[in-house]
Amino acid sequence: MLFYLSILAALALFLMLTFRYRASLLPHPLATFSQQVGAGMTSADFDLEANVRDEDTRAGLDEQGTREIMDIMRRERVNFDQARLIRHNRILAQNGIDPSGMPMDSKAVTRL
1 MLFYLSILAA LALFLMLTFR YRASLLPHPL ATFSQQVGAG MTSADFDLEA
51 NVRDEDTRAG LDEQGTREIM DIMRRERVNF DQARLIRHNR ILAQNGIDPS
101 GMPMDSKAVT RL
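For the sequence shown, the UniProt record's numbering gives the first residue as 1, with consecutive numbering after it.
1. Check whether the Cβ atoms of Met-104 and Phe-80 lie closer than 8 Å to each other.
2. Taking all protein chains shown into account, decide if Asn-89 is buried (16 or more other Cβ within 10 angstroms of its Cβ) or exposed.
3. With DSSP as the reference, identify every bridge partner of Ile-97, one or two as the case may be.
4. Helix, strand or coil, according to DSSP, for Leu-11 in the structure here?
5. Looking only at its own chain, which residues have a Cβ that is under 6 Å from the Cβ of Leu-30, when we skip the five neighbours before and after it?
6. Please return the same chain residues whose Cβ sits closer than 6 Å to the Cβ of Ala-83, not counting the five positions on each side in sequence.
7. Beta-carbon within less than 7 Å of Pro-99's beta-carbon, same chain only, minus the 5 sequence neighbours each way: which residues are those?
8. Can you give the Cα-Cα distance for Thr-18 and Ser-106, rounded to whole angstroms?
9. For Ser-6, name the three-state secondary structure that DSSP assigns.
The structure is reproduced here in structure tokens:
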């Protein structure tokens, strides 16, 4: 009997902890501008707060890009603008473009 009560108590504890920390266990996309502003995804250079103030009806930023930027902010401990720059430079590098905007391909014609 005591064995079953301890299993029941452990299960109840597990369920309570899962409910308490459900936001961090099950990530949900930041779908609206107000949710993205609340997550720290705004700055003077990229002002999402203005969209919230103007009651913008658009859906918000791209979910995949938002997730990538949040991961960069968390892993590298940088602010929103720096994370956007890091993500942008990674996308450029994947497409064979250096951070200055010039192609990295030595065969590319850049002057006539």
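Quick reminder that beta carbons are idealized off the backbone N, C-alpha and C, glycines included.
This structure is a prediction, so every number in the text was calculated from the model and none was measured.
This is what the structure holds:
1. no
2. exposed
3. Pro-103
4. DSSP places Leu-11 in helix when its eight states are reduced to three.
5. Gln-36, Ala-39, Thr-66
6. Ile-69, Ile-72, Met-73
7. Asn-89, Leu-92
8. 54 Å
9. Of the three classes helix, strand and coil, the one that applies to Ser-6 here is helix, per DSSP.
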